[in-house]
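What follows is one structure encoded as C-alpha cells, with my remarks underneath.
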Amino acid sequence: MFDNLTDKFDRAFKVLKGQGQITEVNVAETLKEVRRALLDADVNFKTAKDFTNQIKEKALGRDVLTAVKPGQLLVKIVQEELAELMGGEQEDVDLKGNPAIILMSGLQGSGKTTFSGKLANYLKTKKGKKPLLVACDIYRPAAIDQLHVVGDQIGVEVFSNRDEKDPVKISQAAIQYARSNGHNVVIVDTAGRLAIDEQMMNEITAVKRAINPSETLFVVDAMTGQDAVNTAKAFNERLNFDGVVLTKLDGDTRGGAAISIKSVVNKPIKFIGTGEKMEAIDLFYPKRMADRILGMGDVVSLVERAQENYDEEKARKLHKKIAKNEFSFDDFLDQIQQIKKMGNMKDLMGMIPGMGKAVKNLDIDDDAFKGIESIIYSMTPEERNDHKILNGSRRKRIANGSGASLQDVNKLVKQFEETRKMMQLMSNKKNMANMMRQMG
Ligand code: GDP
Numbered sequence: 001m002f003d004n005l006t007d008k009f010d011r012a013f014k015v016l017k018g019q020g021q022i023t024e025v026n027v028a029e030t031l032k033e034v035r036r037a038l039l040d041a042d043v044n045f046k047t048a049k050d051f052t053n054q055i056k057e058k059a060l061g062r063d064v065l066t067a068v069k070p071g072q073l074l075v076k077i078v079q080e081e082l083a084e085l086m087g088g089e090q091e092d093v094d095l096k097g098n099p100a101i102i103l104m105s106g107l108q109g110s111g112k113t114t115f116s117g118k119l120a121n122y123l124k125t126k127k128g129k130k131p132l133l134v135a136c137d138i139y140r141p142a143a144i145d146q147l148h149v150v151g152d153q154i155g156v157e158v159f160s161n162r163d164e165k166d167p168v169k170i171s172q173a174a175i176q177y178a179r180s181n182g183h184n185v186v187i188v189d190t191a192g193r194l195a196i197d198e199q200m201m202n203e204i205t206a207v208k209r210a211i212n213p214s215e216t217l218f219v220v221d222a223m224t225g226q227d228a229v230n231t232a233k234a235f236n237e238r239l240n241f242d243g244v245v246l247t248k249l250d251g252d253t254r255g256g257a258a259i260s261i262k263s264v265v266n267k268p269i270k271f272i273g274t275g276e277k278m279e280a281i282d283l284f285y286p287k288r289m290a291d292r293i294l295g296m297g298d299v300v301s302l303v304e305r306a307q308e309n310y311d312e313e314k315a316r317k318l319h320k321k322i323a324k325n326e327f328s329f330d331d332f333l334d335q336i337q338q339i340k341k342m343g344n345m346k347d348l349m350g351m352i353p354g355m356g357k358a359v360k361n362l363d364i365d366d367d368a369f370k371g372i373e374s375i376i377y378s379m380t381p382e383e384r385n386d387h388k389i390l391n392g393s394r395r396k397r398i399a400n401g402s403g404a405s406l407q408d409v410n411k412l413v414k415q416f417e418e419t420r421k422m423m424q425l426m427s428n429k430k431n432m433a434n435m436m437r438q439m440g
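Residue numbers for the sequence shown follow the working numbering, so the first one is 1 and each next one is one higher.
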C-alpha cells in the first residue's frame with residue numbers, strides 16, 4: 001500500500017539528515033520534495049499546497065529539542081498533519097434505529113456489492129447483528145445474483161424482487177421484511193453506473209428520501225486517484241453522504257484518494273477494503289494510515305488483528321504439546337490456519353515497520369501456504385500425528401497425492417523437524433536464557 005509515496009517521503013526527509021537544526025532553507029527544500037511526493041501520488045494540488053504550508057509554519061515555530069533531530073521532528077509534524085488531513089479520529093457507522101438502515105452508493109465496479117457483503121459480515125461477526133442485504137440494482141440481473149452469492153458465502157439473508165422495477169418499492173418492502181423477521185440492520189446495495197448520470201442520481205436520492213437511512217456510505221475505488229475525489233464530490237453534492245469507503249487499497253494504489261477525499265468533501269473515510277475476500281475489511285484509522293504512509297508500519301493494527309484471532313485456550317494447549325515434544329503436523333496445519341485467518345500475508349507483513357519496503361516486490365499471496373497444506377492433507381492421520389514413520393515409500397505416496405515433488409515433501413519434513421526442535425528448545429526457560437546469552 002502506498003509504497004511509492006513512502007519511498008518519496010523517505011527521500012524528502014533525507015534532506016534533513018545530518019543537519020543540526022531546522023532552518024527556512026532546509027525545511028523549504030524538504031517540503032518541496034514532500035509536495036512533489038504528494039502530487040505524484042495524485043493528491044489534489046490545493047490540498048498538497050495547503051498541507052506543506054501548514055507544515056512549514058509548524059516546523060519553523062517549534063523549538064527543536066536537543067533530543068530529537070530535525071529530520072525526526074519534521075517526520076513527527078508531517079505524521080500529525082497527515083493524520084489530521086485524513087480525518088483525525090476513527091469514525092464508526094451509525095447504527096441507530098431498528099432496523100438501522102445503511103444505504104450504499106457508488107459507481108459500478110467500485111466494489112459496492114463486495115463491500116455490502118463485507119460490512120454485513122463485519123456487523124454479524126464483530127457486532128452480533130442480524131443484517132439483511134437488499135439487492136436494489138434493477139438493471140443488472142447479474143448484480144442481484146452476485147449479492148446472493150455473497151450472502152450465501154457469509155450466511156446473511158438477501159432480499160430481492162426480480163419483478164419489481166422500482167428501487168424505492170424494493171427497499172421499502174425490504175425494511176418491512178426486516179421488521180417482521182428480526183433483522184436489526186438493513187444494508188441496501190443500489191445500482192451503479194460506469195459514470196455519473198442524472199438518472200442514477202435521481203434514483204438513489206429518491207431511495208434515500210424514502211428510507212431515511214442512519215448511514216449513507218459512498219464506495220470508491222482507491223486506485224482511481226483524482227477521479228475518486230471528483231466522483232466523491234459529485235455524489236456528496238447530490239446525496240450528502242455520511243462516510244466514505246475506500247476499496248482496493250491492497251492494490252498498487254498511489255494514495256491520493258485516501259489523502260485528499262476528507263479535505264475535499266469534508267466527510268470521513270470510515271472503512272477500507274483490502275482484498276476480494278469477505279474478511280478484507282478494516283476500519284479506517286487516520287493516524288495509523290499516516291504511520292503506514294510514512295513507512296512507520298502499523299503495529300497497532302497488526303497487534304489488534306493478532307489478538308482478534310488469537311485463541312488463548314488453544315495457545316495454552318499448544319505450549320504444553322511443544323514442551324512435551326508432541327508438536328505434530330496437525331498442529332502445524334492449525335498454526336497455518338490461524339495465520340491465514342489474520343488476512344492477506346503481504347498486507348500483514350506491510351504492517352511491520354520497515355517491512356513494507358522489503359515485501360514490496362515479493363510475490364506473497366494467500367496461496368503461499370497452499371503447497372504445504374496439500375502435502376500435509378495428503379498424509380494419513382497417523383502420519384500427521386507421528387512424523388517419524390514417514391519413510392521413503394510413504395513420502396513418495398504423499399508426493400504423488402499432493403502433486404508436489406518428493407524433494408518438496410522431504411524439505412517440508414526437514415523444516416518441520418527443525419521447527420519442532422527449535423520450539424522445544426525455546427519452550428524451556430533455562431534453554432532460552434542460555435540461547436540469549438550466546439547471542440550476546
Ligand atoms: P460494484 O459494481 O460496485 O458492486 O463492484 P463489485 O463489488 O462487483 O466489485 C468489482 C470488482 O472489484 C470485483 O471483481 C471485486 O472482487 C473487486 N473488489 C472489490 N473490493 C475489492 C478490494 O478491496 N480489493 C480488491 N483487490 N478487489 C476488490
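Heads up, the beta-carbon is just placed ideally off N, CA and C, and yes, glycines get one too.
Because the structure is a prediction, the values reported are computed rather than measured.
Asked	Found
Test item: CB-CB of residue 267 and residue 242 under 9 Å	yes
Contact test: residue 113 Cβ vs the ligand GDP heavy atom, cutoff 8 Å	yes
Under the three-state DSSP convention, the category residue 102 falls into	strand
Extent of the continuous alpha helix (DSSP H) run through residue 52	45 to 61
Residue from 334, 13 and 132 whose Cα sits closest to the Cα of residue 187	132
Rounded Cβ spacing between residue 269 and residue 246 (contact assumed at less than 8 Å)	6 Å
Burial state of residue 123 (16 or more Cβ within 10 Å)	buried
Coarse secondary structure for residue 156, derived from DSSP in three states	coil
Rounded separation between residue 39 and residue 163 - CA only	48 Å
Span of the alpha helix (DSSP H), counted from its first residue to its last, around residue 89	Counting along the chain, residue 89 falls outside any alpha helix (DSSP H), and DSSP gives it neither H nor E.
Residue 331 beta carbon near the ligand GDP (any heavy atom closer than 8 Å)	no
For residue 135, three-class secondary structure by DSSP	strand
Backbone CA spacing between residue 439 and residue 5 [nearest angstrom]	Low per-residue confidence applies at residue 439: pLDDT is 48, beneath 50, and the placement is therefore not dependable, though the value from the model is reported in the following sentence. Going by the C-alpha atoms only, they are around 37 Å apart.
Alpha-carbon spacing of residue 249 relative to residue 221, whole angstroms	8 Å
Neighbour flag for residue 167 against chain D, beta carbons, 9 Å	Chain labels in this structure do not include chain D; a single protein chain is all it has.
Pick from 386, 422, 425 and 290 that is closest to residue 88, judged by C-alpha positions	290
Residue interval of the alpha helix (DSSP H) (run including residue 9)	3 to 14
Element boundaries [beta strand (DSSP E), containing residue 216]	215 to 221
At least 3 beta-carbon pairs within less than 8 Å: the region 222 to 234 vs the region 176 to 191	no
C-beta atoms of residue 233 and residue 244 nearer than 9 Å	no
Collapsed DSSP secondary structure at residue 249 in the structure displayed	coil
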